[in-house]
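Here is the structure we will look at.
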């Protein structure tokens, strides 16, 4: 029997490092040599992770990778959270890479669809963040990871600052599987404020010619919040948060949920709910949460990433946020999404389309956008075993009248106006996701949140509590009953809807004691970005594009 | 612009004050509503000027529900719509009606 070799991966790593030594000495590499270095360490067909999420991006390393010689480096298999930059697309256009496993491609959704049509990209699968991170440790460990940090010291220790995000996960999966980790930083310094990634997990560091990109993705200008959104936010606070004692929660990004955040110090306070709801959050530091924090609603916030402009505010509120010994925030997307899935009682978010079964999707026909984190946050955690009042109450409602083993339920709420801009109905007979599946040969329609995970649907018409529905027909009618004047809503039977209303499955604003007349912008704790700055005592420094005063 | 006209017959139970003339929600973003007392032989007439073409059926459904909610007679309602969603239309109409009914008492 031939003796099996057990160290081929480590030997391969050594060979790569030897080739790297032909173009650079030591760990710190001048940025002009980076393309040459990447060419040396890569081999055709490698799995490569190019760090970037919807916030920070290893943009310099992405440009370097896009410049390698496709005769030498080709058929790469990219395994990365997002496809967000033009240089990501170039990799496929130039034949450097031909396959991708990813989570989200919002900004490049249209070009992704084009690459698929041109047969220049093979999509392995579209994942949630946690799923893709999971696969980094099972069947998709990266051979080479190109990552991004704020600064490094001469040893190669890295400081990520508030936007740690995906970095620890990517480095862990690469460095401990004989891969190679290359980091771009904004600056190399004598002493780091703190160490987020230890030097012996990092092979090469370069000081990028420009600071890395950082998107203020979670900033919503209160000036754009509508009265309909305020009305829906009032219903959520009174009809869901108060009734279920929701204290541990996650909000999606959007104006609907920003409205809820801005009604906590006003409307929720007037209902005597301070200290009773919304205490522990999994959330990026949304600027619109500042008034609720200052008003004493919020005890803690753990974040997947930070938010541009919020750094000093977060630093000044260490009792609320998770901050390092240097005082600045530490974030971690993997831990946050685990927390959102298992430790939160409620997720609320918006969607572009919902069908009669309650399935929802953000797919439109010409864009491949992906999932991000919402499916993990907006799903009942079947593995959850600890109880809380909200989880138990939702479970009781879902099971009342049934003979079954008692268990809890997560509250998963979809909030949307029945028509979007330009009179696009949010409730549809058939999701565009089906046509996307047929066009691209996916095995399943890309559904963001499945109907059977949804507990409540909130529109301007009221709240449909799907937990209380006992048959598919009843669920369909409950959804029709809040679908307004969309074709699905117009197809309702008034007597059936009134019956559901009597049973509390559908509740109108008047059933909830929500006064429509109060739904004005005067109810918002802040009506502009400037007022958010004021609430923060000047600590919040909004990016230029949000400064309109 | 598309111009639509709808008429509804009230039950005649709701008293209207002939002195009240003009109330409404104006300059409120993408929708303006004006209410006037006019002798329409017991009818409520709603005129809609809208920048969004082809939504007559949705207007009909929204205004059917509105008319049923308030049971109106001898009232002329003018709506100037800049592409508001049905949710906004309903909210503005309710706000205008509240103002109108308050002016009556």
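Protein chains in written order, with my numbering: chain Z, 54 to 602; chain F, 38 to 142.
Glycine included, C-beta positions come from ideal geometry on N, C-alpha and C.
Against chain Z, does residue i count as a neighbour if the rule is that its beta carbon must be under 9 Å from one of theirs?
{"i": "residue 104 (chain F)", "result": "no"}
{"i": "residue 135 (chain F)", "result": "yes"}
{"i": "residue 113 (chain F)", "result": "no"}
{"i": "residue 128 (chain F)", "result": "yes"}
{"i": "residue 93 (chain F)", "result": "no"}
{"i": "residue 85 (chain F)", "result": "no"}
{"i": "residue 120 (chain F)", "result": "yes"}
{"i": "residue 108 (chain F)", "result": "no"}
{"i": "residue 131 (chain F)", "result": "yes"}
{"i": "residue 98 (chain F)", "result": "yes"}
{"i": "residue 140 (chain F)", "result": "no"}
{"i": "residue 125 (chain F)", "result": "yes"}
Cβ of residue i less than 9 Å from any chain C Cβ?
{"i": "residue 471 (chain Z)", "result": "No chain C is part of this structure, whose protein chains are labelled Z and F."}
Whole angstroms is fine: what's the gap from residue i's alpha carbon to residue j's?
{"i": "residue 228 (chain Z)", "j": "residue 257 (chain Z)", "result": "12 Å"}
{"i": "residue 435 (chain Z)", "j": "residue 535 (chain Z)", "result": "28 Å"}
{"i": "residue 512 (chain Z)", "j": "residue 148 (chain Z)", "result": "46 Å"}
{"i": "residue 414 (chain Z)", "j": "residue 225 (chain Z)", "result": "32 Å"}
{"i": "residue 489 (chain Z)", "j": "residue 519 (chain Z)", "result": "27 Å"}
{"i": "residue 363 (chain Z)", "j": "residue 267 (chain Z)", "result": "13 Å"}
{"i": "residue 197 (chain Z)", "j": "residue 242 (chain Z)", "result": "25 Å"}
{"i": "residue 56 (chain Z)", "j": "residue 64 (chain Z)", "result": "16 Å"}
{"i": "residue 170 (chain Z)", "j": "residue 61 (chain Z)", "result": "38 Å"}
{"i": "residue 179 (chain Z)", "j": "residue 424 (chain Z)", "result": "7 Å"}
{"i": "residue 288 (chain Z)", "j": "residue 308 (chain Z)", "result": "15 Å"}
{"i": "residue 230 (chain Z)", "j": "residue 261 (chain Z)", "result": "26 Å"}
{"i": "residue 406 (chain Z)", "j": "residue 103 (chain F)", "result": "26 Å"}
{"i": "residue 324 (chain Z)", "j": "residue 382 (chain Z)", "result": "33 Å"}
{"i": "residue 556 (chain Z)", "j": "residue 399 (chain Z)", "result": "23 Å"}
{"i": "residue 104 (chain Z)", "j": "residue 166 (chain Z)", "result": "21 Å"}
{"i": "residue 473 (chain Z)", "j": "residue 123 (chain F)", "result": "10 Å"}
{"i": "residue 270 (chain Z)", "j": "residue 306 (chain Z)", "result": "8 Å"}
{"i": "residue 47 (chain F)", "j": "residue 100 (chain F)", "result": "13 Å"}
{"i": "residue 419 (chain Z)", "j": "residue 162 (chain Z)", "result": "8 Å"}
{"i": "residue 107 (chain F)", "j": "residue 312 (chain Z)", "result": "30 Å"}
{"i": "residue 209 (chain Z)", "j": "residue 295 (chain Z)", "result": "50 Å"}
{"i": "residue 176 (chain Z)", "j": "residue 263 (chain Z)", "result": "31 Å"}
Rounded to whole angstroms, how far is the Cβ of residue i from the Cβ of residue j, which I believe are closer than 8 Å?
{"i": "residue 316 (chain Z)", "j": "residue 283 (chain Z)", "result": "7 Å"}
{"i": "residue 361 (chain Z)", "j": "residue 596 (chain Z)", "result": "5 Å"}
{"i": "residue 558 (chain Z)", "j": "residue 522 (chain Z)", "result": "6 Å"}
{"i": "residue 298 (chain Z)", "j": "residue 330 (chain Z)", "result": "7 Å"}
{"i": "residue 465 (chain Z)", "j": "residue 507 (chain Z)", "result": "5 Å"}
{"i": "residue 219 (chain Z)", "j": "residue 356 (chain Z)", "result": "That pair is no contact at about 13 Å."}
{"i": "residue 561 (chain Z)", "j": "residue 514 (chain Z)", "result": "7 Å"}
Can a CB atom of chain F be found closer than 9 Å to the CB of residue i?
{"i": "residue 284 (chain Z)", "result": "yes"}
{"i": "residue 403 (chain Z)", "result": "no"}
{"i": "residue 73 (chain Z)", "result": "no"}
{"i": "residue 513 (chain Z)", "result": "yes"}
{"i": "residue 407 (chain Z)", "result": "no"}
{"i": "residue 538 (chain Z)", "result": "yes"}
{"i": "residue 369 (chain Z)", "result": "no"}
{"i": "residue 474 (chain Z)", "result": "yes"}
{"i": "residue 280 (chain Z)", "result": "yes"}
So, residue i versus residue j, is the Cβ gap smaller than 9 Å?
{"i": "residue 119 (chain Z)", "j": "residue 143 (chain Z)", "result": "yes"}
{"i": "residue 480 (chain Z)", "j": "residue 431 (chain Z)", "result": "no"}
{"i": "residue 451 (chain Z)", "j": "residue 462 (chain Z)", "result": "yes"}
{"i": "residue 603 (chain Z)", "j": "residue 157 (chain Z)", "result": "No answer is possible for residue 603 (chain Z): it lies beyond the span of chain Z, which begins at 54 and ends at 602."}
{"i": "residue 350 (chain Z)", "j": "residue 322 (chain Z)", "result": "yes"}
{"i": "residue 105 (chain F)", "j": "residue 538 (chain Z)", "result": "no"}
{"i": "residue 529 (chain Z)", "j": "residue 409 (chain Z)", "result": "yes"}
{"i": "residue 120 (chain F)", "j": "residue 469 (chain Z)", "result": "no"}
{"i": "residue 184 (chain Z)", "j": "residue 574 (chain Z)", "result": "no"}
{"i": "residue 77 (chain Z)", "j": "residue 113 (chain Z)", "result": "no"}
{"i": "residue 130 (chain Z)", "j": "residue 99 (chain Z)", "result": "yes"}
{"i": "residue 589 (chain Z)", "j": "residue 602 (chain Z)", "result": "no"}
{"i": "residue 85 (chain F)", "j": "residue 132 (chain F)", "result": "no"}
{"i": "residue 358 (chain Z)", "j": "residue 384 (chain Z)", "result": "yes"}
{"i": "residue 238 (chain Z)", "j": "residue 202 (chain Z)", "result": "yes"}
{"i": "residue 39 (chain F)", "j": "residue 87 (chain F)", "result": "yes"}
{"i": "residue 110 (chain Z)", "j": "residue 90 (chain Z)", "result": "no"}
{"i": "residue 571 (chain Z)", "j": "residue 320 (chain Z)", "result": "yes"}
{"i": "residue 101 (chain Z)", "j": "residue 70 (chain Z)", "result": "no"}
Next item on the list: With 8 Å as the limit, tell me which residues of the region 541-552 of chain Z have their beta carbon closer than that to any beta carbon of chain F; keep them in chain order.
Entry: 543
Checklist line | Contacting positions in the region 286-309 of chain Z - beta carbon closer than 9 Å to chain F | finding: none
Margin query: So if I threshold CB-CB distances at 9 Å, which residues from the region 471-503 of chain Z count as touching chain F?
Written below: 471, 472, 473, 474, 475 and 476
Item checked: Residues in the region 568-581 of chain Z having any Cβ partner in chain F nearer than 8 Å -> 569, 570 and 572
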